[in-house]
Every structure is written in structure tokens, then in C-alpha cells.
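Residue numbers (my numbering), protein chains in the order written: chain A, 22 to 376; chain B, 22 to 376. Reading through the C-alpha cells given below for one structure.
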DNA sequence: CGACGCTGAGACAACGTTGACTCGACGGGA
DNA sequence: TCCCGTCGAGTCAACGTTGTCTCAGCGTCG
């Protein structure tokens, strides 16, 4: 296990402009000008300063620089997601990172795990580090604590879920319409008994998707039945249990609409464990990796995560560039991807149902 | 699309200690003491300062604070991964985030996309922001550019891949042994013609896994055959193509060892497209979500990502806490997970092979 | 009763950098 | 030839905070 020598016998501290200036025989300010590529410096001096900087391994201190600079910008933004290891959050933050990269901006990422207290803590921690702006997939239902920060000039953009008690730019998927599309798709395949399985109803996206579900049923003249509706949390286990219970009902659903990717995966597992994956139709909200490779492939309402992230990041940077227009709420359309599971047609009433 | 009113008519700047001090009628230093919870302040004054701070929405400026403080710590670390949207990278950075969280440290994440130039740029960008330390999954093969940074006191820990031309703490999976286990598993099922499909051989993990592959063959007295070895990049497309070509050979392999998760997924797709998923045995290196739910389930050599990330983060923080012991290289064992695809036994020479 | 220690708060400088200003040298036009 | 504008480099202070020192007030003890 042991490898090398002590990493650094004397961890001498980082060289500063002062030292570079001394070595190059110029004033600190001249070093500053060279570092910032101010064009009015004699090329010979530029060369001398560069040489001295390289020799010392000088790296500018952006922390000090942003403190002194007029705009106080740190070229860093914060991103708060539900869980950076979850594919949706990961794809979202990666997109934001890509947009930020184009501008030399780095991203501080924090995971909230659906904990409103953690949201506040992390938002504060980011603000204390003076990030230029924040992209937030909120966990909480009260964002008034951000009002003063917003007023102090921190730009905020909400993605995937809307802010509450706060006026801020927002980018959402068209959750309601997506759910309507999903349910209509199942109705078209002849299903009349379509279960809803989703995240906790306090989460705004879940609520919107549920609303779409109910709306589509209503338009389709299907009576709403509480018994086949489950607002489980976003955990595979609870989704599995809920699915098992639904299908064990005396009058079980012939189709499932699952409104979140973890829930969808739980349902997929449960259906396979019961051997019902080719019997019970299933459409999930949110695409997920390998959904196409299962048999049957899982039909989903795919969110355009790339578009969500890119739009949010671009809105943020537009604000940072001085855009003072009224806040906007942008809706990104979703798309039905047919892969098989959603195209299973309704059976004649099952034996169980006819008992 | 349009929503609210202008977000902030006058984006007045953030309150400072000076303003809090003025409002509370005390000296700036006293505010500092209250903020830092120095116990020698009169409770009445503490209350007055707190009130003033709340009223103004004061938030300390960690940027300024870390500049002035003796240790210059920013309570921020950097994490460079291959692609934060890839499940392996995402899980790794999430683990690091969790460890950091316990200490109130935030994580700046950057994706390298296997680009050594980007590695250098991002490492520099992080250092310029004076992160306390760096956890790196390197893309490049020369890390000497970090020597001076290391000497200047920036702590570095490498994960998943080792540093080159630099002595630094390292946490690796036991890649060679994992590959040996995979190949042995296939040998045990009777396979004698086992293809290797992996990432570019310049990547150290890929090289180690390839080495394990060769070693296991040698020990098993199987002659190495260049024809069934492909060092494709880590893209699904190239893995699909490579798999197709391998199986179209006059003497095709009866088993596949894929040495990286994206490559594994590509191979899985290709096998299914060819209808060979129940015929050709397959073990992949790296677990991936839903590997268990496919049919057959994909047998894998699972890395203990949690352990990798946690160990790396803990090593980093130990250094930050002043550990000056020699650098260490820790190896994390891997684990074979049997799910079906790796347990397919060798067939009698296929018709094609006997032509 | 006076010197002394202690406690709690303020004054001041400094962290590394940059904005605003200054100053010397040089060149061109009157 | 002289003055003024220009250009390039330097001086100084300040960003928001904290380490160090100072100092006033008070209680205590010989």
C-alpha cells in the first residue's frame, strides 16, 4: 500500500504578484496588467513578467481578484439538484456545466435529497461563497428566504420545479401535457382502468403530472378511482410494493402510468417479478438509460433534459449579462417514445376481475 | 410565457459587516466576532448584532474571509471526472460530495471528456479559485504540471486512474484482478475463445484490465489471439460496431469480456440486435443500472464506487488536516456479480466456425 | 488604597488583487 | 524651441474580512 516519499517537506505557500513583481523587477500593478492582458505594456516587460511568473509557478488568486473587482464576479455558479447521482439530475447538471464552460464559469453542485432544510443550507453556503448565480431544482415549498438574496443581486433560475413565494425565472417540462399524452396513449390502446403511481403529491411536478392524469381520464369519460392511485415517494422499494398491491387488487388495473423515473423502474421490476410485463401496459414519465433494451421496451414520456438545462443556464447568463426584463416561465415540451410497454392492448376483463 | 414584474428595480449590493456594525452601533470587529461565534462577546451585544444582521439580510463573504484568514481555506474542493453524467462518475462525485458535506465543504465538479488539455485547464481553473484540494480522475498521461501546485500546498488525490510523472495519493479498483476474475469465470464455463473489448489502451485502467485478460488466458493455457481483441473508445457506437465485426469473424468468440461500462452496454445492444444474447457469454467490467433486469441479466465485475469515492475523499481530508505521511496507493477490491450472461456455457463449435 | 490582572470592545493593518490617479518621458505641432 | 498630449509604468487606496494589539473599565488582593 505504501508508495512514495513525503509529499512535500516544506509546503511553502503560493507565490503572489508581489513576488513575481520583485523577481521581474517591476511594480505589482504591472504584473496585474500582464496577467489581465492589458495591451499597453511593453512587450519586453510582458516577456520578463511571464518568465518570472512561470519560474515561480504563479497562479492568480481569483478569490482576491473577485473581491477587489467592481462587479465582484467569481465566475462560479451554483447548481442544486435532487441527487447528482440520479440520471436526470446528472444530465441536467452536465448540460449546465457545458453552457457554463463556454464562458469560463465553473459549477458548484449540491444534492438536496428532497430535504428543504438542506436546500436552504446549501443555497446559503453557495451565496456565502458569492456564486454569480444559482440554478435550482428545489426541494422545498417556500423560497421566500431567497428574496433578499435576489434583491442583493444573486440571479436565480428554477428548473424542473417552480419556485414558491418567490418570483424567479423558471424552466419546466410540460408535465401536465406529458401526463395527458401518456394517459391518452393508454386509452387509445383500449385501457379503461389505468393506475397512477407517482412521487409525493407535494412535489410540484408530481402534482402537475397527476393533474394531467386526472384531466385525461375526465376527457376520456373514465371515472376516477382513488383505489388505483398511489403517491409513493421516489424510491424503488416503495414503487415495487405499491405496484404489487395494485396488481393484487380484486379489480386490478390493466395499465400503469408511473410519473417519475425511479418509480417507473420500481414498477418495471415489480411487473417482471410478477411475470406481467407483457400483460399490463405501462408508460413512464422520464426516460432512463436502457429503457429501450428491456423487453418489452418501456414506453416513456421523455423530458428534453438537454433543453431544460441549456435553457436554464442561458437564462441565468442572460441575467448575469444585465438582462432586467420581467421574469419568465419557459415550458419545454415532452415527447412520447413508444417502445412496446405502452402499446400492450387492453385484455378482455381478466378472470380475476370477473370473479 | 411572460410571468412577473421586473425582478429587481435596484439591485443594491450585498450588505457588509460595516453596515451591520453601523446599524448595531458597534465596531466591525465585534460583528466579526459575533459571526464567528467568539464567546467573549456580551450576550446583549450579540443579540443586537444578530438582529441588525437579520434585518439587513447580511451573509458573510467567505471569499474575503478566506483571503484574510491564516490558512486561506475556502471550504471548497474540486473534483474532476470523466463525464459527470455517466453513472460511474456521477456516483463517484456524489460520494465525495457526501463526505465533504460532513465537513461543510462544497464541491466544484468538472467533466474532462477524456481530454488532457481540458484536464489541465480545469485543474488550473480550480486552483485559481483556491480550492483546498482536488480529487481527480485524470484524462491525461502527464501530471507533472501539478508538481508546483502540490508543492504550494494544494492536496491532490487521484481516483480510478493513477497519476503519471507525479507522486500523489491514489485510490484504484483492483482492475487487473477483476479482469482475471472475469476471464476465469468464462473459462470455468468452458469458453476457450474469449474476446476482449475495451477502452483505448492508453487509459491506465483499460491497460490494467487488458493485462488481467492476457494473464488469465496465459494461466489458462489459452493462446492469445489479436484478432478477437479490440481497443475501441468508450462510445456505444464503436462498441456496437466492434462487437458486430467480432461475431462476424469466421471463427467468432463464444464469450465476450468488455472492460468498461459504456463498451459493455454497446456489446449488450449488439448481441441483442444479433439475437445472440443467450448464445454468447458476456461479462462486463463496471456495474450499471438495470443490468440485473435484462434477460439474461448481465454478469459484471462491480467496482465498489462508494468505497472508491469515500476513500479518496477521506484521504484528501486527512491531508488537509495536516497528514504529512508518505503518499499511499490504496486498492479497492472488485466483486463478480453473476446474473446469467456470464454463466452461458460454451457451445460445441458453432456451424459458422466449422465452415 | 493603589497596583494589577482580566475582560470585553475597538483601532489598525494586512490578505492578494485592481481601479483611479499620478508622473516622467517622449514626440509633434505651432 | 516650447508646450501639451500621449503613452507606459508606478503609487495609493480599497474590496470585506480577521489577526494582533491596544485600551478602558472593573474587580481583587496585598
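The beta carbon of each residue, even a glycine, is placed where N, CA and C say it ideally should be.
- Contact between residue 249 of chain B and residue 238 of chain B is ruled out by a C-beta separation of about 11 Å, above the 8 Å threshold.
- A Cβ-Cβ contact shorter than 7 Å links residue 197 of chain B with residue 232 of chain B.
- Counting the other Cβ atoms within 10 Å of the Cβ of residue 242 of chain B gives fewer than 16, which makes it exposed.
- Close to chain A, meaning a Cβ-Cβ distance shorter than 9 Å, are the following residues of the region 166-187 of chain B: 168, 169, 170, 171, 172, 173, 174, 175, 176, 177.
- A straight line joining the alpha-carbon of residue 73 of chain B with that of residue 44 of chain B spans about 6 Å.
- Contact annotation: the region 164-171 of chain B does not touch the region 315-327 of chain B, with fewer than three C-beta pairs closer than 8 Å.
- Under a 10 Å Cβ-count criterion, residue 150 of chain A is classified as buried, with 16 or more other Cβ atoms of the shown protein chains found around its own Cβ.
- Around the beta-carbon of residue 138 of chain A, fewer than 16 other beta-carbon atoms lie within 10 Å, marking it exposed.
- In the structure shown, the three-state DSSP call for residue 53 of chain A is helix.
- Residue 358 of chain A sits away from residue 328 of chain A, with the two beta carbons spaced by 7 Å or more.
- When the Cα atoms are used, residue 365 of chain B and residue 316 of chain B turn out to be separated by approximately 12 Å.
- When the beta-carbon positions are compared, residue 330 of chain B and residue 116 of chain B come within less than 7 Å of each other.
- Measuring C-alpha to C-alpha distances from residue 223 of chain B to each of B:347, B:48, B:255, B:212 identifies B:255 as the nearest.
- By the Cβ test, the region 73-91 of chain B is not in contact with the region 102-115 of chain B, since fewer than three Cβ pairs between them sit closer than 8 Å.
- The C-alpha of residue 168 of chain A is placed about 28 Å away from the C-alpha of residue 230 of chain A.
- Taking 4 residues as the minimum length, the alpha helix (DSSP H) runs contained wholly in the region 34-119 of chain B are 38-45, 49-56, 64-77, 83-89, in order along the chain.
- Annotated as proximal: residue 203 of chain A and residue 304 of chain A, with beta-carbon spacing under 7 Å.
- With fewer than 16 other beta carbons inside 10 angstroms of its own, residue 271 of chain B counts as exposed.
- Non-local C-beta neighbours of residue 361 of chain B in its own chain, meaning closer than 6 Å and more than five positions away in sequence, comprise 317, 318, ordered along the chain.
- The beta carbons of residue 126 of chain B and residue 85 of chain B sit no closer together than 7 Å.
- When C-beta atoms of the region 280-296 of chain A are compared with those of the region 331-338 of chain A, fewer than three pairs fall below 8 Å, so the two segments do not count as touching.
- Taken through DSSP and simplified to helix, strand or coil, residue 322 of chain B comes out as strand.
- According to DSSP, residue pairing for residue 179 of chain B in a beta bridge involves B:157, B:191.
- Rounded to whole angstroms, the separation of the alpha carbons of residue 276 of chain A and residue 269 of chain A is 13 Å.
- Judged by DSSP in its simplified three-state form, residue 358 of chain A adopts strand.
- The C-beta distance from residue 80 of chain A to residue 145 of chain B rounds to 7 Å, short enough to fall under 8 Å.
- Bridge pairing for residue 127 of chain B: B:97 [DSSP].
- If you draw a 10 Å sphere on the C-beta of residue 61 of chain B, you find fewer than 16 other C-beta atoms in it, and that means exposed.
- Listed in chain order, the positions of the region 252-279 of chain B with a beta carbon within less than 8 Å of a beta carbon of chain A would be empty, since no residue qualifies.
- Residue 218 of chain B and residue 285 of chain B have their C-alpha atoms roughly 8 Å apart.
- When DSSP states are grouped into helix, strand and coil, residue 132 of chain B belongs to the strand group.
- Note that the C-beta distance between residue 136 of chain A and residue 111 of chain A is not below 7 Å.
- By a beta-carbon distance limit of 8 Å, residue 99 of chain A contacts residue 155 of chain A. Their separation comes to about 5 Å.
- For residue 39 of chain A, same chain residues with a beta-carbon under 8 Å away, outside a window of 5 residues either side, are 49 in chain order.
- For residue 356 of chain B, same chain residues with a beta-carbon under 8 Å away, outside a window of 5 residues either side, are 322, 323, 325 in chain order.
- In the three-state DSSP reduction, residue 338 of chain B falls in the helix class (H, G or I).
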